[in-house]
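Chains as they are written, first to last, in numbering that gives the first Met the number 0: chain A, 0 to 616; chain B, 0 to 100; chain C, 0 to 462; chain D, 0 to 490.
Idealized CB from N, CA, C, for every residue including glycine.
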Amino acid sequence: MTEFLFLIPLLPLCGALIILFAGGRMPRRLLTGVAIASVAASAAVTLWLWPLAADQSRATLFTWFDAGSLQVPMELLFSPLAACMALMVTGVSALIHVYAACYLHHDPDIRRFFMLFNLFVFAMLVIVLADNLLLLFLGWEGVGFCSYALIGFWYRNPVFATAGRKAFLVTRAADVLFGIALLWLFHLTGTLSITAINLQAASLPPASVTILALLLLAGACGKSAQLPFSSWLPDAMAGPTPVSALIHAATMVTAGVYLLCRLFPLISLSPTALAVIGLVGTSTAFYGATCALVQRDIKKVLAYSTISQVGYMFLAVGAGTITGAMFHLLTHAFFKALLFMVAGAVIHLASGEQDLFRLGRLPKRSPMLFWLLLAGSVALAGVPLTSGFFSKDAILAACFARQTLWWTSLGVAGLITAFLTALYALRLVYLLTADREAASGHGPAPRGLVWPLLPLGALALVGGLLNLPEVWGGHAGLGRWLATPSGLSPSHGLEWGLAFVTLLLVAGAWFAIRNRYRVPTSPVSERPCVDFLIAGWKFDSLIRFAITAPFERLGSELERSLERGFTTSWPAGLGRLCQATGQKLRVFTSGSVSHYLVAMGWGIILLLAMLLFLLIF
Amino acid sequence: MIVPLGHVLILSGLLFVAGLLGVLLRRNLIMILIGVEVMLNAVGLTLVGASAYWRNPEGQLFALLLMAVAAAEVTVALALVVYLKRSRSTIDVNRFNGMQG
Amino acid sequence: MIWDALLALLPFLILFIGSVSVLFVPERRALLFGVFCALLAAGFCWWPCAPVMSDLLLVSSGPFARGCLTVWALLGAATCLLSERYRESRRFASPEFAALVLFCVLGMSILAASTSLVSLFLGLEAMTLAFYVLIAFDRDNPTGAEAGLKYLLPGFLASALLAFGIALVYAATGTFTLQGNVSLPVGAAMHTIAILGWTLILCAIAFKSSLAPFHLWTPDVYQGAPAPVAGLLASGSKGAVFAVLLASIPLTLIAPMRPLLAALAALSMLAGTFAALPQTNLKRMLAYSSVVHMGYMVLAVLTGHQAGLEAGLFYLLSYGAATVAAFGLLASLTDSNGEPQNYAALEGLAGRSPWRAALLTLFLLSLAGFPPLAGFMGKFVLFSAALDAGYVWLVVLALFSSLVSCYYYLRPVVRLFRPSSSSVFSVVANGGELVVLGLCAIIIVTAGMYPGPFFRLIAAIAP
Amino acid sequence: MNGLTNIPALSVLLILPIIGALACMVWGRRASVITVLLETTVALLLPFRVETTVFPWLRFEDWGWIERYGARLSLGLDGLSLLLVWLTVILLAVAVGLSWPRYRQSGFYALLLISCSGILGVFLAQDLLLFYVCWEIMLLPLILCIALWGGAKRVEAAFKLLLFTLAGSLLMLLAFLGLFLLHGRQTGDYSFALQALGTTVIPADLAPWLFGCLALAFLVKVPVVPLHGWLPDAYQEAPAAVTLLLSGVLAKAGIFGLVRVAMPLFPETWTSFLPVLGGVALVSIGYGGWLAFVQTDLKRLVAYVSVAHLGFIALGVAAFNVIALQGAMLQLFNHGITTAALFALVALVERRTGNRQLHELGGLWSRTPQLGALVLFFSLAALGLPGLNIFTGEILILLGAFGAHPWWGAAGMLGVLLAACYTLRMVQGVLWGSPRGPEFMKDITRTEALILGPLAGLVLWFGLYPLPFLKLLRGPVEQLLAYLVTTGGLP
C-alpha cells in the first residue's frame, strides 16, 4: 500500500504533463477540469492514505544517484508532519484551482497557467514528502521555478517579469547557503536522508551544528521571505491573485518553516541557532507588520502580512514548538489564502483596481465577500476564538514559558506585533467597507470566485479546533498527532493572561482604527516616515546600492577593461607585433642584387667571426 | 718546392679577398663578373700550389676543370648581359629591382 | 670491369645522352621525350649492378646515390610535365627546356652521388648552370631576366666560395675524397686552414639551400622564375644539396661546425618565419617558407646520427612533394596572362575549380605540418631526432616557427575559398598536371598516414 | 548479432566519417546524412561486449602503424569513452541537422565529418602519437569552417583559435616526444603506447616542465580562465554547428585529456597540480559567470556560460575523489548536450529575428511559444535546476569538492547563484517583454523539433535517472583512483 504514496505528488505531475502535451487540443473546460481533478484526486489520496502516516511509512521508487558513498533514493516519507502539510497543500490547492479556473476565465494563456500551477503542486508535495535532502531540494527549486514563471505570468510587462526574476534570484541566494549546508551535512554524516541525519545529529560537533543550523535557517529565510531575504515577496504580487494566494501565502512561503521543522532534531541541538531563529522570526514579524500598516495596494498589505505571519512561525520554531509552528502554518494558510482570494475577487469587481483608497462599498456590492473578508480579517487580527487567536497564542505562550530574558523579550515583541497585526487587519476591513466613490466594475462576483472561499472561511473561524489547548477544553489534537514534545507546557495562568492581553490589544486596535477610518479618508499626505514604511524600510534600495549595482558595474568594467582590453586582445597584439617584425625584415629584400651580395658578405663575416671565437676559446 | 705553401696561400687569399671586394662593392655587372674571375684565379693558384705541396696531380686536374667551369659560367653570364643590356639598356645591377619585399 | 662501371653509370649516361638528343626532337614531342628519358634513367637505377669501387669514378653507385637519382629523375619528369602548358601559352622552346631540365637532373644526381669534392663541385656547377638559364627561360616575362640575374650573381659568388673552400681543404689534406676528410690534419696551421675551407664550403651550401643570411635571393628568384622551374629549384636543388650534406659531408664531425650550423638554423627559422608573415604573393611566401624548412633540415644535419639522417631524408621527401605540388598547382593555373601569384588573384578558385583548391589546401597544410599529412610526420621524426640529439632549444624554436607558420600558410587558403567574380583561371588542368598533382597528393597523404613503407625505403638506401 | 558485435567497430567508427567526407565531396552533402546514420548505428552497437577483449576495456582494437617509432593504432573503449563517443555522435547529428537549411556547400559537411573522426579518435586512442594526430585532425576542419563560413570577423577569430590551440598542441607534442625519448632510453623500448609510457621514470627537474606543457595544451582547449582568450570571438563568429561542436565536444576533449592522458603519465606531478586546477576552476566559474552576466550578445553570453560550466567540471577533476570524478565525467556529457542545445537555440532565434543583441530581442514567447518553451527549458537546465541534467553533475561535483576542500564546495555553490543570474537575464531578454522584431515568425519546424526534442529528452533522462550512466562511469573512475594510488601519486 505504501507505493500508493507516490500517487500524491505524481497525480498533479500527470495533470501538468497532460496539459503540457495535450492541452493545446483540449477545450478550456476540460483543461481546467484536468487541472482541478488531478489536485483534488491527490487530496483524496492523501486522506485515503492518512492512516499510513501514523507509522512513518516510506516508499521508494528508484535510486536517483549512486556515486561512491552517495546514495540518493527517490524515497517518500509519510510522517504525521508530512501528512498534515500534504493535506493542507492539496486541499487548499484544490480550492484555489477552482477559484483560478474562474478568475482566469478569459485569459488566453490558461494552458500555461494550469500547467505551471499543477507543476507547482507537484514540486511542493515533493518538498513535503521527501525524505532525502536532495529530493527535497528538487522540490525546493521546483517551486522556486514555478513561482518565477507564475509571478511573471503576464510576461509582456517587463516589470512583472523582473519581479519574477527577483523572487528567483533572492531565494536562490539563500539556497546557496542551504546548498552549502547540504554539502556539509553529507560531508559530516555521509548521508542525505533527513531521518538519518536527525539520528546522527547528536554525534556531530556542536560548533558545526550551530553553523549548519544557521545555514539551514538562511535557506529557509529565503524561501519564506524572512529578513534579510524578504524583499522579493511584495514584488511577487505581480502575479495573478490565485498565484499569490497559493504560492505566496498558503504553501511555498511556509516551506522554510517546514524545512526547519523537519530538521528540528538537528537544529534544536544548538541553543544559539534557536535564539537566532527566534530573533529572525520576531524581527521579521515586526518588520512586516509595520510595513503592512501603511500599504495602499491591497495585495501588498497581504504580502507584508504574510511576511509578518511567517515570522511568527519562525519564532515558534525558535521557541521549540513544532506544533505551534505547524498550527500557525495551517491556520495562516486558511485565512491568508482566503484573504488573498477575497482581495482577488474585490479587484476583479473593481476591474483591476488595487489601490485601497479607491476601493470600498464592499458590503453593498457583494455581502458574501464582505463576510468572508471579515472572517479572514478577524482570524488574522487574532480576535479571540478565531483560528488565528489560538495559533498565535500558542506561539507566544511557548515563548513566555521559556522564562528567560531573551525569550520573554521576544514574546513581548510578538505581542506588540500582534497589536500591529490587528491594526492593519482592521484597517483593511474599514477601508474596503468605506462609503466612497470607488472604482466601478462589472456586476456581482461570479459564483466561482466565491464558493471555493466558503470552506476556507469556515476553517479560518473554527480552525482553532485543530489544536484547541486544554485550557479551553480541547485536547491539543495536532500536538498529539505530530507527537513532537516541545518540553514546554505553559501554565494555565499564563494562557489565560495571554488571552486577556490579546483581547485588550485587539480591542485597542479596533478603537484606534475605528476613530481613524470611520469616515472615508484620503491617503495620508507624503510623510517621509510613511514613505519609508511603504518602501519596506527601503531594503530594495539598500540592496541595489550595496550589491546589485556594484555587481553590474564591476562586471561591465571587467568586460571592458580586462576582457576586451587584455584577455581576448593580446593575441591580436602579438600577431601585429609579428607582422610588424616581418615588415621590417622585408627591408632586407630590397630588390637590389648588390645588397644581396653584401648580405652574403656579412654572412661570411658572421660565420668567420663565430669560427674565430670558437677557435680562440 | 721552391715557394712555401704558406706564401701561396697568403697570396691567393689576398687575391680572393680582392676579388670578393670587387664583387661586393661594384655595381657594374661586367666588373662584378671580373671580380668573380679574380676569385676563381685565386682558387686556381691555391690548387696548383697545394698540388705541388702534396705532390699529387689531382689539384692541377681540378684547376683545369675549374677553368672550364668558369668559362661556361661566363658564357651564360655574358649572354644574360647582352640580353639585359638590350632590354633595359643598362648594366647597373641595382636598376634591376622590379621584385622586392 | 668496364662493363660493370658502365652499368653503374648507365642512369647518368641516359640522362646525359637524353639531354643532348632531346635537342633534335620536334617541338611538340620534346617535353614528353624528356619525361621518357627521366623515367628511363629512374628505371635503370633499379637495374642490379655490381658495386664499383674506384676512386677514378668520382661518383658512387651505391643504393643512396641510386635512390636519390630516382627521385631527381622523377622530379625532372614532373617539371617537364608541368611545363607543357608553358610551351603552349608562353612559347617555350621545349627541346632546349627539356635538355636543360635533364642536364640539371644530371647535375643533381652527380651531386648526391659524389664521393669526392671534385664531383661535388662539378655536380653543383652543372645543376646551377642549368638553373641560370631555366630561371630566365621565359623571355616574354621581364622579371624572368631579373630573376636570372639575381640567381646568377650570388651563384657566382657561391661558386667561388665553394671552389676556394675546396682548394683550402685540399691544401690542408692533400685529397679531395670525402671519406678521407673525416680525420682532420693534426698540425695546428693545417687544421685551421681545413676548418676555414669547410666554413667557406658551408657558406656556399647555405647559399644553395637559402639559409639566412644567404637567402635574400630566394623570394625574388621564385617570383620571377616559371613555376615549374621554381618548383624544381625549391625541391630538387635544395634536396640535392642536403642529400650530400646529410650523407657525404661529415660536417658535424668537425666540432666548430656545429655552432655555426645551429646559428644558421636558428637565423633561418626566425628570418623566414617573420618575413613570410606579411607576404601576399604565394610564390614569395613559399620562398620564405622554404627558408624556414631548410632551417629545420639543418636540425637533421646537426643530429649526426643515423636516425637523424633518415629523419632528414623523410623530411626532404615530404617537403619536396608538397613544394613541387604547390608550384605545380600554380603552373596549372597559368595562362597567357601569366601566373596568378597574388592571393587576390587566387580568390574564387574554390568556386571555379574545387578540386584544385582542395589540393592546394592539402599541400599548404602539409607544409604547415598538420597531421595526418606528410609534413607532420616529417616534422615529428625530425624534431624527435633533434630532441634526442639534445638540441632542445632549437626544437622549441622550430615549434615556435611552425606555430607562426600556420598563419601564413592558412591565409592564402582562406582566400582561395572566398567567392570572387573577377578571377580568371584557365580552368582545365591537363593530364600531365593531374598526374603530377595526384601523385604528390597520394605521396603526401600516405606518407602522413602510413609512413612505414617510406621509412623502410629510406632505411634501405641510407648510407 | 554475434557477427555484428565482432566487427572492429571502433576502427569503423573512425574511418566512416572520413569515407563520408570523401563521399560528400563526390556526391554532395546528402552523403553526410547517411554517414551520420551509419555512425549512430555503430555507436549504439558499441556496448555489446565482444568476447575477446582486454581488461578493462569494453572493446579494444590494435593495429600496426609505425613500427619504427613504436606507434600503433590502438583504440580502447571503456565506460567514459563510450559516453563521450555517444555525445560526439549525437552532436554531430545535431550539427548536421542544424546546418542543413543554412549551408549548401558539401565542403562544410565534409569538414564536420572529418573533425568528428578526429574527436572520436581522441576519445579512443591508446597511443600517444595517434592521440596527437587525432587531436589536430579534430581542430583544423572546424577552424576552416569558421574561417570560411563564419561571421563578420571570422578570419581573425579563426586564426586566434588556431594559434592558441596550436600553441597548446605543439607543447603537447614536445611533452610526448620528451616522454617517448626518456622511456626509450630507459627501457630500450621505443613506444608511444599510453600504458607503457606511464611507467617512465621522469627526472624530478623535468617532470614539472613536461607536465606543464601537457596541462597547458589541455587547459587551453577546455578552456579555463586565463587561457580562454580565443573563446569569445571564436564562439561568436563560428557557424552554429561549429560552435556547438567546439563547446560541446572539443572542450570535453581537454578535460578528457587531462584525466586520461596527463594523469596516467605524470601521477606524481598530478597531485601537486590539483590545487592549481581547483583554483583556476573556481576562477573560471566566477569570472565566466560574471562576464556572462554583462554580455549583450546572446551567443557570447552562452559562450561565457560554457566557460563557467566547464569550470565546474574542472573543479570536479581537481577534487579527484569518486563522487566528484563521477560527477565531472557525467557532466562532460550533460554539459555537451545542454550547451549544444543552447547554441542551436541561439542560432534558431537569430535566424528568425535576424538579431542576437539582448536589448533588441524580447517577447519571443508571444510569437513563437514552442521555441520559447525550449529556450526556457534548456536555460533552466543550464541554471542547474534539480531534475535536469546539469544539476546531476553539479551536485555530485560539489559534494565531492566539498569532501576534498570544503571551501571549494562552498565557493562552487556561489557559482550556482551566478548561473541563475545570467540565465534568467538571458531568458528575460529573449522571451519576456513586449514582442519585437519581425511580425511573423515561424515556430519550431519539424526538423528543428527532431533535433531539439531528443536533446530535451536526454536532459530529463540524465536529470532524473542518471543511474545507468553513473554505473557506466564507476569502473573507469575507480580505476583512475586506483591507478593514482598504486603509482604513488596518492597516499
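**OP:** State the DSSP-derived secondary structure class of A211 (chain C), mapped to helix, strand or coil.
**Re:** Here residue 211 (chain C) corresponds to residue number 212 of the third sequence, with the count starting at 1. In this structure, A211 (chain C) counts as coil in the three-state DSSP scheme.
Original post:
Taking the runs of the alpha helix (DSSP H) that are 4 residues or longer, which of them lie wholly in the stretch 4-76 of chain A?
Top reply: 6-21, 27-47 and 49-52
**OP:** State yes or no: is the C-beta of P489 (chain A) within less than 8 Å of the C-beta of A396 (chain A)?
**Re:** Here residue 489 (chain A) corresponds to residue number 490 of the first sequence, with the count starting at 1. Here residue 396 (chain A) corresponds to residue number 397 of the first sequence, with the count starting at 1. Closer than 8 Å, so yes.
Subject >> 7 Å Cβ shell around P263 (chain D) - same chain, five flanking residues per side excluded >> reply: Along the fourth sequence, read from residue 1 onward, the residue named residue 263 (chain D) stands at position 264. Once the five neighbours on either side are set aside, the close Cβ partners of P263 (chain D) are L193, G197 and Y482.
**OP:** Give me whichever residues DSSP pairs with G75 (chain D) in a beta bridge.
**Re:** Residue 75 (chain D) sits at position 76 when you count from the first residue of the fourth sequence. DSSP, once it has assigned bridges, lists D:F59 as partnering G75 (chain D).
Subject >> N140 (chain C) - partner residues in DSSP beta bridges >> reply: Taking the first residue of the third sequence as 1, we reach residue 140 (chain C) at position 141. In the DSSP output, where bridge partners are listed per residue, N140 (chain C) has none listed.
Subject >> Cutoff 6 Å; reference I246 (chain A); Cβ partners in own chain excluding five residues on either side >> reply: Locating residue 246 (chain A) in the first sequence gives position 247, counting from the first residue. Closer than 6 Å at Cβ, skipping near neighbours: S146.
Subject >> Euclidean distance between Cα positions of M0 (chain D) and F47 (chain D) >> reply: If you number the fourth sequence from 1, residue 0 (chain D) lands on position 1. If you number the fourth sequence from 1, residue 47 (chain D) lands on position 48. Because M0 (chain D) sits at a pLDDT of 45, beneath the cut-off of 50, its placement in the model cannot be relied upon, and the following sentence gives the value as read from the coordinates. Distance between the alpha carbons of M0 (chain D) and F47 (chain D): 9 Å.
Original post:
Between the stretch 397-417 of chain A and the stretch 460-477 of chain A, do at least 3 Cβ pairs fall closer than 8 Å?
Top reply: no
**OP:** Please report how far the alpha carbon of R401 (chain A) lies from the alpha carbon of G319 (chain A), in whole angstroms.
**Re:** By one-based count along the first sequence, residue 401 (chain A) stands at place 402. By one-based count along the first sequence, residue 319 (chain A) stands at place 320. One C-alpha to the other measures close to 9 Å.
**OP:** Measuring alpha carbon to alpha carbon, tell me which of D:A380, D:V84 and D:W64 ends up nearest L13 (chain D).
**Re:** Taking the fourth sequence and counting its residues from 1, one reaches residue 13 (chain D) at position 14. Ranking the options by Cα distance to L13 (chain D), first place goes to D:V84.
Original post:
At a Cβ threshold of 8 Å, is L342 (chain C) touching chain D?
Top reply: Residue mapping note: residue 342 (chain C) aligns to position 343 of the third sequence, counting from 1. Note on residue identity: the sequence assigns Tyr, not Leu, to residue 342 (chain C). No, because no Cβ of chain D sits closer than 8 Å to the Cβ of Y342 (chain C).
Original post:
Quick one: which chain A residues come within Cβ less than 7 Å of L331 (chain D)?
Top reply: Walking along the fourth sequence from the start, residue 331 (chain D) turns up at place 332. Those do not exist, as L331 (chain D) stays about 14 Å from chain A at its closest Cβ, beyond 7 Å.
Subject >> N- and C-terminal bounds of the alpha helix (DSSP H) containing M236 (chain A) >> reply: Residue mapping note: residue 236 (chain A) aligns to position 237 of the first sequence, counting from 1. Looking at the DSSP string, M236 (chain A) is not in any alpha helix (DSSP H), and its letter there is neither H nor E.
**OP:** Write down every uninterrupted run of the alpha helix (DSSP H) in the stretch 422-459 of chain C whose length is 4 residues or greater and which is fully enclosed by it, in chain order.
**Re:** 430-448
Original post:
Count the other CB atoms within 10 Å of the CB of Q305 (chain C); is the residue buried (16 or more) or exposed (fewer)?
Top reply: The sequence position of residue 305 (chain C) within the third sequence is 306, counting from 1. Exposed, by the Cβ-count rule.
**OP:** Hey, could you find the ends of the alpha helix (DSSP H) D3 (chain C) is sitting in?
**Re:** Residue 3 (chain C) sits at position 4 when you count from the first residue of the third sequence. I1 to S20 is the span of the alpha helix (DSSP H), which, as asked, contains D3 (chain C).
Subject >> G218 (chain A) and A172 (chain A) closer than 8 Å at C-beta >> reply: The residue you call residue 218 (chain A) lines up with position 219 of the first sequence. The residue you call residue 172 (chain A) lines up with position 173 of the first sequence. Against a cut-off of 8 Å, the Cβ pair of A172 (chain A) and G218 (chain A) comes out as no contact.
**OP:** Below 7 Å CB to CB, which residues in the same chain sit around V323 (chain C) once its five sequence neighbours on both sides are set aside?
**Re:** Start at 1 with the first residue of the third sequence, and residue 323 (chain C) comes out as number 324. These residues qualify, in order along the chain: L74, A77, G230, S234 and C439.
**OP:** Please work out which residues of its chain come closer than 7 Å, Cβ to Cβ, to C133 (chain D), disregarding the five sequence neighbours upstream and downstream, and give them in chain order.
**Re:** Against the fourth sequence, residue 133 (chain D) aligns to sequence position 134. Excluding sequence neighbours, C133 (chain D) sits near G117, G120, V121 and A124.
Subject >> P368 (chain D) versus D:P385, D:V348, D:A381 and D:I113, residue with shortest Cα-Cα distance >> reply: As a working note, residue 368 (chain D) is residue 369 in the fourth sequence. The candidate whose alpha carbon is nearest that of P368 (chain D) is D:V348.
Subject >> Collapsed DSSP secondary structure at Q356 (chain D) in the structure displayed >> reply: Reading the fourth sequence from its first residue, position 357 is the one you call residue 356 (chain D). Correct three-state label for Q356 (chain D): strand.
**OP:** Examine the ligand SAH and report whether any of its heavy atoms sits within less than 7 Å of the Cβ of A346 (chain D).
**Re:** Looking for the ligand SAH in the displayed structure turns up nothing, as the structure carries no ligands at all.
Original post:
Does DSSP put A284 (chain A) in a helix, a strand or coil?
Top reply: Here residue 284 (chain A) corresponds to residue number 285 of the first sequence, with the count starting at 1. A284 (chain A) falls in the helix class under three-state DSSP.
**OP:** Would you kindly work out how many angstroms separate the C-alpha atoms of P264 (chain A) and H331 (chain A), rounded to a whole number?
**Re:** In the first sequence, residue 264 (chain A) corresponds to position 265, counting from 1. In the first sequence, residue 331 (chain A) corresponds to position 332, counting from 1. Spanning the two alpha carbons is a distance of roughly 24 Å.
**OP:** Check the Cβ of R164 (chain A) against every Cβ in chain D and list those closer than 7 Å, keeping chain order.
**Re:** Within the first sequence, numbered from 1, the residue matching residue 164 (chain A) stands at position 165. Here the neighbours are L423 and Q427.
Original post:
I248 (chain C) by DSSP, collapsed to three states: which one?
Top reply: Here residue 248 (chain C) refers to the residue found at position 249 when the third sequence is read from its first residue. DSSP places I248 (chain C) in coil when its eight states are reduced to three.
Subject >> Residue interval of the alpha helix (DSSP H) (run including N197 (chain A)) >> reply: Numbered from its first residue, the first sequence carries residue 197 (chain A) at position 198. Residues I193 to Q199.
**OP:** Would you check if the distance between the CB atom of L39 (chain B) and the CB atom of G600 (chain A) is smaller than 8 Å?
**Re:** In the second sequence, residue 39 (chain B) corresponds to position 40, counting from 1. In the first sequence, residue 600 (chain A) corresponds to position 601, counting from 1. No. Outside cutoff.
Subject >> Same chain, Cβ closer than 7 Å to A315 (chain A), neighbours up to 5 away in sequence not counted >> reply: For the purposes of this step, residue 315 (chain A) is taken as the residue at position 316 of the first sequence. Contacts found: G323, A324, H327, I394 and A397.
**OP:** Out of B:R25, B:E72 and B:R54, state which residue places its alpha-carbon closest to the alpha-carbon of A159 (chain C).
**Re:** Position 160 of the third sequence, counted from the start, is the residue given in the question as residue 159 (chain C). Out of B:R25, B:E72 and B:R54, B:E72 has the C-alpha closest to the C-alpha of A159 (chain C).
**OP:** Output the distance between the C-alpha atoms of E447 (chain D) and L344 (chain D), rounded to the nearest integer angstrom.
**Re:** To locate residue 447 (chain D), count along the fourth sequence from 1; it is residue 448. To locate residue 344 (chain D), count along the fourth sequence from 1; it is residue 345. Each residue's Cα considered, the two are about 9 Å apart.
Subject >> Spatial distance of G474 (chain D) from P467 (chain D) (CA atoms) >> reply: What you label residue 474 (chain D) is simply residue 475 of the fourth sequence in a count that begins at 1. What you label residue 467 (chain D) is simply residue 468 of the fourth sequence in a count that begins at 1. Going by the C-alpha atoms only, they are around 12 Å apart.
Original post:
Leaving out five residues before and five after V71 (chain A) in sequence, what residues of the same chain have Cβ atoms less than 8 Å from its Cβ?
Top reply: As a first step, residue 71 (chain A) must be located in the first sequence, where it is residue number 72. Answer for V71 (chain A): T62, W63, F64, D65, N131, L133, L134 and L191, listed in chain order.
Original post:
Is it right to say P443 (chain A) is buried, meaning 16 or more other beta carbons lie within 10 angstroms of its own, or is it exposed?
Top reply: For the purposes of this step, residue 443 (chain A) is identified with residue 444 of the first sequence, where counting begins at 1. It counts as exposed.
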